[in-house]
Each structure stands twice: as C-alpha cells, then as structure tokens.
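For any residue, its number in the numbering used here is found by taking its place in the sequence shown, counting from 1, and adding 102.
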Amino acid sequence: MTQDELKQAVARAAIAYVVDGEIIGVGTGSTANFFIDELATIKDRIKGTVASSEATAARLRGHGIAVYDLNEVNEIAVYIDGADEITASGAMIKGGGAALTREKIVASVSRQFVCIADGSKLVETLGAFALPVEVLPMARAAVMRRLAALGGQPRLRLKPGTEQAFITDNGGEIIDVAGLSITDPVGLEQQINQIVGVIAVGLFARRGADVCLLGTSDGVKTLT
Ligand code: 5RP
C-alpha cells in the first residue's frame with residue numbers, strides 16, 4: 103500500500119469515532135484532508151465542525167459542511183487529526199503543517215482526541231522530526247536563543263521558495279527545532295511553554311491522543 107492509501111484507510115476508520123448530532127473538531131494536513139473527504143459522505147449525521155486552520159475550513163466548506171467559530175461552541179465531541187510523530191502512549195509532535203496552535207486549542211476543548219497516521223509516524227522517542235514552535239515575530243531571536251540553550255538547533259521556517267518567514271494563520275512565525283531527543287515530553291512541553299514570546303509548542307504530551315489509528319500493511323491498528 104502507498105502512504106496515501108494508508109492515510110486514506112485511517113481516515114475511513116476514523117468515521118467510527120464521529121458522534122452523531124455533535125460538533126466534530128477537524129485537524130490539518132494531508133491525512134486530515136482524507137478524513138474531511140470521508141466526513142463529507144456522512145455530513146448530514148453531524149451538527150457541524152470546528153476547523154484547526156483556514157485551509158481545513160475552506161475544504162470543509164467546499165464539501166458543504168458547516169464550520170463553527172470555536173467561540174460559538176461549548177464542547178467538541180471528538181477531535182480528529184494527524185501527527186508528524188506519535189509514541190505508543192499518545193504523545194505527539196505536530197505542526198509540520200504550521201497549524202499547531204489552533205490544533206492545540208481545538209483539541210483542548212474536545213472530549214476525545216483521535217490521531218490518524220500512517221505507520222511511519224510511530225516512534226519510540228520523539229524528536230527526529232524537528233519540533234515546531236510558533237512565536238510572536240518580535241520574540242523570534244530571543245526564543246531561538248532559549249531553544250538553543252535547551253540543546254536544540256532552531257531554524258526559522260521560510261515560505262517555500264523565498265527567504266521570507268512563513269507566516270501562520272495567527273500572524274505568528276514558526277521555529278523548527280532539530281536535534282532534540284525528547285525523553286520527557288511533558289516536561290519539555292512545560293519548559294517551552296514558559297518561554298516568553300512562545301505562542302504554542304508542537305509537543306502534544308500533557309494532552310496527547312486518546313486513541314491512535316495507525317495505518318499499516320496489515321490493516322488499521324488501534325492504539326489506546
Ligand atoms: C499540521 C499537523 C499535521 O497533523 C501533521 O503535520 C501531519 O500531517 P500529514 O497528515 O500531512 O502527514 O500537525 O500542523
């Protein structure tokens with residue numbers, strides 16, 4: 103099976119976690135896009151969605167699925183999203199698609215987090231994928247110094263094909279931190295959260311995934 107077929111398989115499996123009549127939180131990225139396309143086939147069963155990025159909102163609306171502002175919603179039944187890396191216990195690195203802050207916010211008001219990922223995303227120790235950190239632009243250099251002091255190699259994410267900083271949906275910039283071997287994800291998440299100027303860190307450890315649907319050549323495996 104190709105990586106896209108594995109992503110499609112987990113996206114289809116995630117439909118079983120959608121709660122009828124409720125609001126569904128929807129993540130960002132290629133795996134989440136497959137999920138959106140599956141969700142479209144049962145859109146009449148749900149009340150609507152909350153999106154974790156402008157791109158996801160546009161794709162949902164393109165399918166005729168209602169997208170609510172999070173401020174209009176008290177609680178979300180389930181949040182379904184991909185990951186860049188995930189451990190067997192559900193700690194993740196996210197933010198390869200630059201949507202980490204909104205993803206974290208939507209996940210924080212969701213009763214259940216279902217991660218959908220192809221098998222290549224499962225790791226023993228997080229950190230081979232450079233850890234994304236969203237920052238306020240004026241704090242970029244100061245935060246990079248602090249991240250370097252934690253042992254990482256921080257690099258500003260650029261808009262593809264340019265020398266300009268990539269700008270997120272929130273007006274922030276992304277620093278990708280390579281070279282971290284993250285043996286204490288909860289501790290590092292707390293440490294980075296405390297750096298002034300950080301908007302959010304793409305470590306989802308304090309609130310990790312409750313369920314992971316992992317696409318493998320032997321079928322979709324469920325990790326809880
Ligand atoms: C976006 C994310 C994505 O979930 C993550 O990058 C995985 O993306 P893909 O499904 O394309 O592999 O965190 O900010």
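Backbone N, C-alpha and C define an ideal beta-carbon position, used for all residues, glycine too.
Owing to the predicted nature of the structure, the values given are computational and were not obtained by experimental measurement.
Residues that residue i bridges to, as DSSP identifies them
i           : result
residue 127 : 152 and 181
residue 194 : 188 and 306
residue 220 : 317
residue 202 : Residue 202 pairs with nothing; no bridge assigned.
residue 279 : 233 and 256
residue 284 : 228
residue 212 : 178
residue 325 : 314
residue 300 : 237
Test item: CB-CB of residue i and residue j under 7 Å
i           : j           : result
residue 221 : residue 184 : no
residue 182 : residue 212 : no
residue 190 : residue 325 : yes
residue 228 : residue 195 : yes
residue 290 : residue 297 : no
residue 214 : residue 312 : yes
residue 225 : residue 256 : no
residue 237 : residue 205 : no
residue 328 : residue 197 : Nothing about residue 328 can be read from this structure; the chain reaches only from 103 to 326.
residue 115 : residue 322 : yes
residue 202 : residue 304 : yes
Distance between residue j and residue i (C-alpha atoms, nearest Å)
i           : j           : result
residue 146 : residue 170 : 15 Å
residue 156 : residue 316 : 26 Å
residue 55  : residue 260 : No answer is possible for residue 55: it lies beyond the span of the chain, which begins at 103 and ends at 326.
residue 152 : residue 187 : 23 Å
residue 217 : residue 247 : 32 Å
residue 241 : residue 310 : 27 Å
residue 251 : residue 245 : 10 Å
residue 273 : residue 302 : 13 Å
residue 126 : residue 320 : 28 Å
residue 160 : residue 136 : 14 Å
residue 121 : residue 162 : 17 Å
residue 123 : residue 266 : 43 Å
residue 180 : residue 119 : 7 Å
residue 154 : residue 271 : 10 Å
residue 281 : residue 223 : 17 Å
residue 165 : residue 258 : 34 Å
residue 254 : residue 262 : 23 Å
residue 148 : residue 175 : 14 Å
residue 295 : residue 209 : 17 Å
residue 103 : residue 277 : 33 Å
residue 105 : residue 230 : 19 Å
residue 232 : residue 144 : 36 Å
Own chain residues within Cβ distance below 6 Å of residue i, not counting five before or after
i           : result
residue 158 : 128 and 130
residue 199 : 130 and 131
residue 117 : 140
residue 111 : 317 and 322
residue 133 : 109, 184 and 218
residue 306 : 194 and 196
Cβ shell of residue i (< 7 Å), same chain only, five flanking positions each side left out
i           : result
residue 308 : 288 and 291
residue 299 : 237, 238, 241, 244 and 245
residue 113 : 133, 136, 137, 140 and 218
Own chain, CB closer than 8 Å to residue i, minus 5 neighbours either side, in chain order
i           : result
residue 293 : 252
(message) Taking 5 Å as the limit, name every residue whose beta carbon sits nearer than that to some heavy atom of the ligand 5RP, in sequence order.
(response) These are the residues, in chain order, with a beta carbon less than 5 Å from any non-hydrogen atom of the ligand 5RP: 130, 131, 132, 133, 184, 186, 196, 197, 198, 199 and 201.
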